[in-house]
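The sequence shown begins at 1 in the numbering used here and counts up by one.
Backbone N, C-alpha and C define an ideal beta-carbon position, used for all residues, glycine too.
Below is one structure, written out as structure tokens; the observations come after it.
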Amino acid sequence: MTGATTARRLDEAEALRLGTEIQRRIGVKTSRHEPLARFTTMRVGGPADLFAEIHNLFELRAIVRFARSRDVPLFILGRGSDLVISDAGMGGLVVLNRAEQVRIEGTVFTTDSGLPMAKAATVTKDAGLSGLEFGLAIPGTVGGAVWANAGAHESDVQTILVEASVIAADGTEERRTSVELGFAYRESTLKHAAEGVPEVVTWASFRLDPAEPAVIAERLDDIRRWRQAHQPLGMPSAGSVFRNPSPELSAGRIIDELGLKGRRIGGASVSEKHANFIVNDEKGSAADVRSLAEEVHATVRRERGLDLRFEIVFAGDWSGWVDGDVPA
Ligand SMILES: Cc1cc2nc3c(=O)[nH]c(=O)nc-3n(C[C@H](O)[C@H](O)[C@H](O)COP(=O)(O)OP(=O)(O)OC[C@H]3O[C@@H](n4cnc5c(N)ncnc54)[C@H](O)[C@@H]3O)c2cc1C
Numbered sequence: 001m002t003g004a005t006t007a008r009r010l011d012e013a014e015a016l017r018l019g020t021e022i023q024r025r026i027g028v029k030t031s032r033h034e035p036l037a038r039f040t041t042m043r044v045g046g047p048a049d050l051f052a053e054i055h056n057l058f059e060l061r062a063i064v065r066f067a068r069s070r071d072v073p074l075f076i077l078g079r080g081s082d083l084v085i086s087d088a089g090m091g092g093l094v095v096l097n098r099a100e101q102v103r104i105e106g107t108v109f110t111t112d113s114g115l116p117m118a119k120a121a122t123v124t125k126d127a128g129l130s131g132l133e134f135g136l137a138i139p140g141t142v143g144g145a146v147w148a149n150a151g152a153h154e155s156d157v158q159t160i161l162v163e164a165s166v167i168a169a170d171g172t173e174e175r176r177t178s179v180e181l182g183f184a185y186r187e188s189t190l191k192h193a194a195e196g197v198p199e200v201v202t203w204a205s206f207r208l209d210p211a212e213p214a215v216i217a218e219r220l221d222d223i224r225r226w227r228q229a230h231q232p233l234g235m236p237s238a239g240s241v242f243r244n245p246s247p248e249l250s251a252g253r254i255i256d257e258l259g260l261k262g263r264r265i266g267g268a269s270v271s272e273k274h275a276n277f278i279v280n281d282e283k284g285s286a287a288d289v290r291s292l293a294e295e296v297h298a299t300v301r302r303e304r305g306l307d308l309r310f311e312i313v314f315a316g317d318w319s320g321w322v323d324g325d326v327p328a
């Protein structure tokens, strides 16, 4: 298995009834059969049974608790930058998080979980606070970054987080520190929540250091240049496909050495620029991306005896997928 998730599908009548109730009780509009591809950086993914976009923490809290109280499978979508959503779409209720309010008190930056990490980097630069520059490299939200303990350029969320507020499975909200979130390399306890019952980050606060905005701006420029040189920017992708097996051994290097750059299945190919990226450069399907990712995984296992761990998440309804299934 490769981290595939499958939530219960809602039938038409249930989706319609729940959507009407969400609109009436919370004041948030919902839609049925909303195609999810445009909300992901890989640009793949079929329709959500029920979909809502929230813009503040009142709406986020209310809709999460509503889903819990009705036993409706829930999925929180940030910027969809770590996901390969199935062509069959996603069961249950998908909530797109666009809660983006921020507050700065001294050197502590507090933000709603829907703020893009890149915006967190520029807002804190303008305020003369250093520490979130690596956020520029992460095309996800703060909530997604806490979930992943995302990191780049010798830093990560764990390094600067003061605390994150999390709605637990039982619906209560509590503040958690890095230790309580079980952070490790691209790891947190949030990644292990039960299917359809995510622990939801509402906001997070970060301790930063005072610095001249001009100095921070230079660092941001360096990061921008590095990404341009090393990553296939401008092409649909979900970032690194695999975690590095160790700090000394990068998954990209192994894949490159096996000559897999440029290998293609359907509309998806292994990036020529960075072998640990799969790019959806010819309007491929989620099945194309997954087939290629599985093929690379199998090749590395066969040739190097290494069982690489997926960094990207195969989300949505993969119930029709057979492991190792590679279309001709
Ligand atoms: C070009 C590119 C470069 C990248 N570079 C890096 C990099 O350098 N370092 C790195 O670490 N990652 C990198 N990534 C991966 C990705 O950006 C991160 O994993 C990011 O943290 C995902 O955030 P998101 O908002 O897009 O989450 P999504 O992809 O939307 O969701 C991922 C998971 O997080 C969960 N989630 C989202 N929001 C919340 C919330 N509020 N509460 C609880 N769970 C939540 C979702 O339910 C899902 O399970 C890159 C991706 C791309 C496309």
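Could you tell me which uninterrupted alpha helix (DSSP H) segments, each at least 4 residues in length, are contained entirely in the stretch 110-143, listed from first to last along the chain?
-> 117-126
Report back the beta-carbon spacing between I76 and G316 to the nearest angstrom; my notes put them in contact at under 8 Å.
-> Rounded, the Cβ-Cβ distance is 13 Å, inconsistent with contact.
Relative to ligand 1, is the shortest distance from any of its heavy atoms to the C-beta of S81 smaller than 7 Å?
-> yes
Work out the CA separation of E187 and D82 for me, nearest whole Å.
-> 13 Å
Are there 16 or more other CB atoms within 10 angstroms of the CB of A251, so buried, or fewer, so exposed?
-> buried
Start and end of the beta strand (DSSP E) containing D87?
-> That residue, D87, is in no beta strand (DSSP E); it is neither H nor E in DSSP.
Straight-line Cα distance separating L132 from M117 | 8 Å
For L36, which three-state DSSP category applies?
-> coil
What is the residue span of the beta strand (DSSP E) that A268 lies within?
-> 268-270
Close beta carbons around V326, own chain, < 8 Å, minus the five adjacent residues each side | For V326, the predicted structure reports a pLDDT of 49, less than 50, and the residue's modelled location is therefore unreliable. A value from the coordinates is still provided. Here V326 has I265, S291, E294, E295 as same chain residues with Cβ atoms under 8 Å from its own Cβ, once five neighbours each way along the sequence are excluded.
Are the Cβ atoms of T41 and A238 separated by less than 8 Å?
-> yes
Excluding five sequence neighbours on each side, which residues of the same chain lie with their C-beta closer than 8 Å to the C-beta of G262?
-> Only residues of its own chain outside the window of five on either side were considered, and among them S269, V270, E272 have a CB closer than 8 Å to the CB of G262, listed in chain order.
Coil, strand or helix - P213 by DSSP = helix
When DSSP builds the beta bridges, which residues end up paired with F277?
-> S240
Give a single yes or no on whether I216 has its beta carbon closer than 7 Å to a heavy atom of ligand 1.
-> no
Give the straight-line distance between the Cα atoms of T124 and I223, rounded to the nearest whole angstrom.
-> Here the C-alpha atom of T124 lies approximately 16 Å from the C-alpha atom of I223.
A168 bridges to which residues according to DSSP?
-> For A168, which the question treats as bridged, DSSP gives no partner whatsoever.
Rank T141, R43, A62, V300 by C-alpha distance to the C-alpha of A52 and give the top, closest one.
-> A62
The beta strand (DSSP E) spanning R207 covers which residue range?
-> Boundaries of the beta strand (DSSP E) harbouring R207: 200-207, taken from the DSSP string.
Among all the DSSP beta bridges, which residues are the ones paired with F183?
-> F183 pairs with nothing; no bridge assigned.
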